[in-house]
Amino acid sequence: MNKIIIAILLSLFVFVSCENIPSDVIETSDADFKLVSINAPEEFIYTQQDSTFETTIEFSNPQSISRVWFNIITEDGTTMLKQNVAMIGGSLTNWDQTSDLRGYYGSTILGKGIPTGNYISDYYVEDNVSSGNDKVHKIASHNFLFISGQQNKSPVISNLVAPDSVVVVAPRSLINLHITVDDENGLLDIREVYFMVFGPGSTTGNKVNMFDDGQESNGDDTAGDGIFSRIIEVTPTNTKGEYRFEFEAVDRAGAVSNKIIHLLQVI
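Residues 1 to 267 in UniProt numbering are what the sequence shown lists, from first letter to last.
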């Protein structure tokens, strides 16, 4: 079985692994395409006249390629901005069935509402000779800076929903916490929402993240509604007394929200 090592000499491209999808090595008996080059901006500045992100990619031995596309995600990989953006073949060269090279072109709109920050474009190929999941190959990743022109604003947290006290029963008591987060730059600008919890007489807190993912296990009802939630449990082994909770949110530029402090009596 042939192994085709994919390498880009341009320093601006960073290859990353992806679970179940090969990124560095393609193992196949027939899909012998090779990545030749990628062209994408290292810095993309939004303007009212032009908000189109454009990118091209070129392969040799393209006959086994069925389709090419790219996604754009946040730098931490938590949010998908653009998904399955098709790249059209033949735009870069006068390609025919016998040509050794073929180029693909793709574009998508990056609006002003997207926060300024670092993003990643991931490139994928589906071949026409393999079967099942083996048909899809992650080819490369490209990091770029997007400048939206927005002035960054700190997030604001409010409307904390939390009990003032809890009576502990065996084997455990559950507490569901909710807090609303607003950001003038959009919820996409939120990097994390969390609280620090300090036990009775303690000056050292433990950090606990909150989620807006719609997952029942986190106590969140609706994903993406700006209400972040977390379920915590208290057991008979926990020290009785007053616990202090300090809630904050941080955006992708590192700006920190206002702080909300809540006291909880564990009885």
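Glycine is no exception: its CB is placed at the ideal position from the N, C-alpha and C atoms.
- Which of helix, strand or coil does DSSP assign to D212? Here residue 212 is taken as the residue at index 212 of the sequence shown, counted from 1. Coil, per DSSP.
- Item | Inter-residue Cα distance where the pair is W69 and D122 | Your numbering for residue 69 matches position 69 in the sequence shown. Your numbering for residue 122 matches position 122 in the sequence shown. If I take the Cα positions, the gap works out to 8 Å.
- Message: I'd like the span of the beta strand (DSSP E) that includes N143, first residue to last.
- Response: If you number the sequence shown from 1, residue 143 lands on position 143. Counting along the chain, the beta strand (DSSP E) containing N143 begins and ends at 136-147.
- Query: Would the beta-carbon of I260 fall within 8 Å of that of L160?
  - Reply: Start at 1 with the first residue of the sequence shown, and residue 260 comes out as number 260. Start at 1 with the first residue of the sequence shown, and residue 160 comes out as number 160. Cβ atoms of I260 and L160: closer than 8 Å.
- Decide if S91 is buried, meaning its Cβ has at least 16 other Cβ atoms within 10 Å, or exposed. Taking the sequence shown and counting its residues from 1, one reaches residue 91 at position 91. Unreliable placement is indicated for S91, whose pLDDT of 42 sits below 50; the coordinate value is still reported in the next sentence. S91 should be labelled exposed.
- Message: On the criterion of 16 or more Cβ atoms from any shown chain inside 10 Å, does K240 qualify as buried, or is it exposed?
- Response: The residue you call residue 240 lines up with position 240 of the sequence shown. Counting Cβ neighbours within 10 Å, K240 comes out exposed, since fewer than 16 surround it.
- Quick one: grab the DSSP three-state call for L110. On the sequence shown, residue 110 is found 110 positions in, with the first residue counted as 1. Coil at L110, not helix or strand.
- If you check the beta carbons only, do E192 and N209 fall under 8 Å apart? In the sequence shown, the residue the question calls residue 192 occupies position 192. In the sequence shown, the residue the question calls residue 209 occupies position 209. In this structure, N209 lies closer than 8 Å to E192 by Cβ.
- Does DSSP put W69 in a helix, a strand or coil? Position 69 of the sequence shown holds residue 69. The answer is strand: DSSP assigns W69 an E or B state.
- State the DSSP-derived secondary structure class of D122, mapped to helix, strand or coil. Within the sequence shown, the letter at position 122 stands for residue 122. Note: D122 maps to strand in three-state DSSP.
- Beta bridge counterpart(s) of A249 as assigned by DSSP: Residue mapping note: residue 249 aligns to position 249 of the sequence shown, counting from 1. DSSP, once it has assigned bridges, lists V193 as partnering A249.
- Query: Per DSSP, L264 is paired with what?
  - Reply: For the purposes of this step, residue 264 is taken as residue 264 along the sequence shown, with counting starting at 1. Its beta-bridge partners are Y243.
- Item | Distance, D50 Cα to I157 Cα | Numbered from its first residue, the sequence shown carries residue 157 at position 157. Numbered from its first residue, the sequence shown carries residue 50 at position 50. Cα to Cα, I157 sits roughly 34 Å from D50.
- Query: Over what stretch of residues does the beta strand (DSSP E) that includes E75 continue unbroken?
  - Reply: By 1-based counting over the sequence shown, the position of residue 75 is 75. Where E75 is concerned, there is no enclosing beta strand (DSSP E), given that its DSSP letter is neither H nor E.
- Tell me whether the beta-carbon of N218 lies closer than 8 Å to the beta-carbon of N185. To locate residue 218, count along the sequence shown from 1; it is residue 218. To locate residue 185, count along the sequence shown from 1; it is residue 185. No, the pair does not count as a contact, with Cβ atoms beyond the cut-off.
- Residue burial classification, D76 (beta-carbon count within 10 angstroms, cutoff 16): Taking the first residue of the sequence shown as position 1, residue 76 is located at position 76. Exposed, by the Cβ-count rule.
- Ends of the beta strand (DSSP E) at D220? Mapped onto the sequence shown, residue 220 falls at position 220. Looking at the DSSP string, D220 is not in any beta strand (DSSP E), and its letter there is neither H nor E.
- Task: Name the residue from V136, G199, D213 whose alpha carbon lies nearest to the alpha carbon of K207.
- Result: The residue given as residue 207 occupies position 207 in the sequence shown. For K207, the nearest C-alpha among the options comes from G199.
- Enclosing beta strand (DSSP E) for K34 [first to last residue]: Along the sequence shown, one-based indexing puts residue 34 at 34. Per DSSP, K34 belongs to the beta strand (DSSP E) from 34-39.
- Query: Do you know offhand how far G214's Cα is from L35's?
  - Reply: Here residue 214 corresponds to residue number 214 of the sequence shown, with the count starting at 1. Here residue 35 corresponds to residue number 35 of the sequence shown, with the count starting at 1. Going by the C-alpha atoms only, they are around 39 Å apart.
- Integer Cβ distance of V256 from E248, believed to fall under 8 Å: The count along the sequence shown starts at 1 and reaches residue 256 at position 256. The count along the sequence shown starts at 1 and reaches residue 248 at position 248. At roughly 6 Å, the Cβ-Cβ gap stays under 8 Å, so V256 and E248 are in contact.
- Query: Which residues bound the beta strand (DSSP E) around R230?
  - Reply: Against the sequence shown, residue 230 aligns to sequence position 230. Note, R230: beta strand (DSSP E), 227-234.
- Cα-Cα separation, V125 to A86: Taking the first residue of the sequence shown as position 1, residue 125 is located at position 125. Taking the first residue of the sequence shown as position 1, residue 86 is located at position 86. C-alpha separation (whole angstroms): 10 Å.
- Nearest-angstrom Cβ-Cβ length linking I212 and F228, presumed shorter than 8 Å: Taking the first residue of the sequence shown as position 1, residue 212 is located at position 212. Taking the first residue of the sequence shown as position 1, residue 228 is located at position 228. It is Asp, not Ile, that sits at residue 212 in the sequence shown. Contact holds; Cβ gap of about 5 Å.
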